[in-house]
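**Student:** Provided herewith is a single structure, encoded as structure tokens, for subsequent inquiry.
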Amino acid sequence: DQQVKQNSPSLSVQEGRISILNCDYTNSMFDYFLWYKKYPAEGPTFLISISSIKDKNEDGRFTVFLNKSAKHLSLHIVPSQPGDSAVYFCAASDSGSARQLTFGSGTQLTVLP
Amino acid sequence: GAGVSQSPSNKVTEKGKDVELRCDPISGHTALYWYRQSLGQGLEFLIYFQGNSAPDKSGLPSDRFSAERTGGSVSTLTIQRTQQEDSAVYLCASSLVRGAKNIQYFGAGTRLSVL
């Protein structure tokens, strides 16, 4: 049973446009959410996070939105750049548990020049 | 170094052999995690160490898998009698857990191929 789901395996957008990556979760105990970016042959790199007490967190071109009632979060990248092309993983943790992250299966973002 | 270091970066082994994968976490990070990523999949949690507490081994897929963390720093993941389904990228991460905030920093991983 996947507790964190990324239903879109791939997404293509034009350079300069907005990229929206989506993530759904089922475990209501999750209270901290993260997005990681992964290039081939490299480990995942932390991008941005959000605590369940917030509904939005912004860092430069990256904004994460959290809708707790829908158990849904999204990552917005604007404007998208070719260097943003990578696999994006959504992850969640429950601060009351052993603190491992539960990851989605990832979305391959391709930004076309 | 500044980041999480893993070695070897690639390992090819024959079915039935034992392998050891090493992780050197970020200095000062108290928590260390092992995950694996099979082809086309997300990251699967294996084991977690936090300070001097007993490790959480709930993600280990079988008793052929074990890990230790010596002196609260370097960790070794051992897979005994490797099988072809063990082929994956094994990723190590470390973090400095602060309240609910748990940002994990990953190494580049070890790509294990079992022939």
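Heads up: the sequence lines are chains F and G, in that order. First residue of the first sequence: 30, per our numbering; consecutive thereafter. First residue of the second sequence: 158, per our numbering; consecutive thereafter. Just so you know, even glycine gets a beta-carbon here, dropped at the ideal spot from N, CA and C.
1) For residue 243 (chain G) and residue 270 (chain G), I'd like the C-alpha separation in whole angstroms.
2) The beta strand (DSSP E) with residue 163 (chain G) in it runs from where to where?
3) Measuring straight from C-alpha to C-alpha, what distance separates residue 185 (chain G) and residue 164 (chain G)?
4) Given that residue 260 (chain G) touches chain F, what residues does it touch there, using C-beta distances under 8 Å?
5) Between residue 118 (chain F) and residue 106 (chain F), which are expected to be in contact by the criterion C-beta below 8 Å, what is the C-beta distance as a whole number of angstroms?
6) Buried or exposed: where does residue 195 (chain G) fall if 16 or more other Cβ atoms within 10 Å of its Cβ makes it buried?
7) Cβ atoms of residue 229 (chain G) and residue 249 (chain G): under 8 Å apart, would you say?
8) Okay, do the stretch 43-56 of chain F and the stretch 98-114 of chain F touch, 3+ Cβ pairs below 8 Å being the bar?
9) Taking only three categories from DSSP, how would you classify residue 30 (chain F)?
**Tutor:** According to the structure shown:
1) 8 Å
2) Residues 162-164.
3) 20 Å
4) Chain-ordered, the chain F residues with CB closer than 8 Å to the CB of residue 260 (chain G) read 63, 75, 78.
5) Wrong, their Cβ atoms sit about 14 Å apart, outside the cutoff.
6) exposed
7) Contact: no.
8) yes
9) Here residue 30 (chain F) sits in coil by DSSP.
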